[in-house]
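Residue numbers (the numbering used here): 590 to 762.
Even glycine gets a Cβ: it sits at the ideal position worked out from N, Cα and C.
One structure is given here, and the rest of the page talks about it.
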């Protein structure tokens, strides 16, 4: 379930709790009052947890970053393009962290930019020109992301006239 859906569920539980407390005032019953109070508390805590999670930045921990760089350092390097989702500050901050990690591993950065992805990207996607361009470097990128618990979708399509790899940072999954 996505964060927005979870927030909606928690808000609904909160509203149901309030309705039960109001009914209790009309009917006057201790059981209804307790159930209503519990539902209000569950709704409040749920909305708070979702909002805290939404405010957390998308970034790798220092340990994850070290693992990521170690895997990429041993791979044949090439130029990479990194694009973050237009209007998504978390995606942009994550892209800039990845930029630093790729540079630390000795890779060249073609560019880092913002883009609108069609179809939408959730998480991280790797776009390559064609199946013929799938080589050990792409495998190394997948291994680096898998080592830090992030799955990468491979997309086939035109990235440029050269055989560059485009890393797309989309909506938070």
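**Report entry** Coarse secondary structure for residue 679, derived from DSSP in three states
**Finding:** In the structure shown, the three-state DSSP call for residue 679 is helix.
Query raised in the report: For residue 671 versus residue 697, is the C-beta distance shorter than 7 Å?
Result: The criterion of a C-beta distance shorter than 7 Å is not satisfied by residue 671 and residue 697.
Query raised in the report: residue 734: which of 657, 648, 652 sits nearest, CA to CA?
Result: Among 657, 648, 652, the Cα nearest to that of residue 734 is on 657.
Requested in this report: Could you tell me how far apart the beta carbons of residue 713 and residue 737 are, in whole angstroms, since I believe they sit closer than 8 Å?
Outcome: In fact, because the Cβ distance is near 10 Å, the residues do not count as touching under 8 Å.
Query raised in the report: Quick one: what does DSSP say residue 690 is sitting in, helix, strand or coil?
Result: Here residue 690 sits in helix by DSSP.
**Report entry** Residue interval of the beta strand (DSSP E) (run including residue 704)
**Finding:** Counted as a single uninterrupted DSSP element, the beta strand (DSSP E) harbouring residue 704 occupies residues 697-704.
Requested in this report: Quick one: grab the DSSP three-state call for residue 740.
Outcome: Reduced to three states, the DSSP call for residue 740 is coil.
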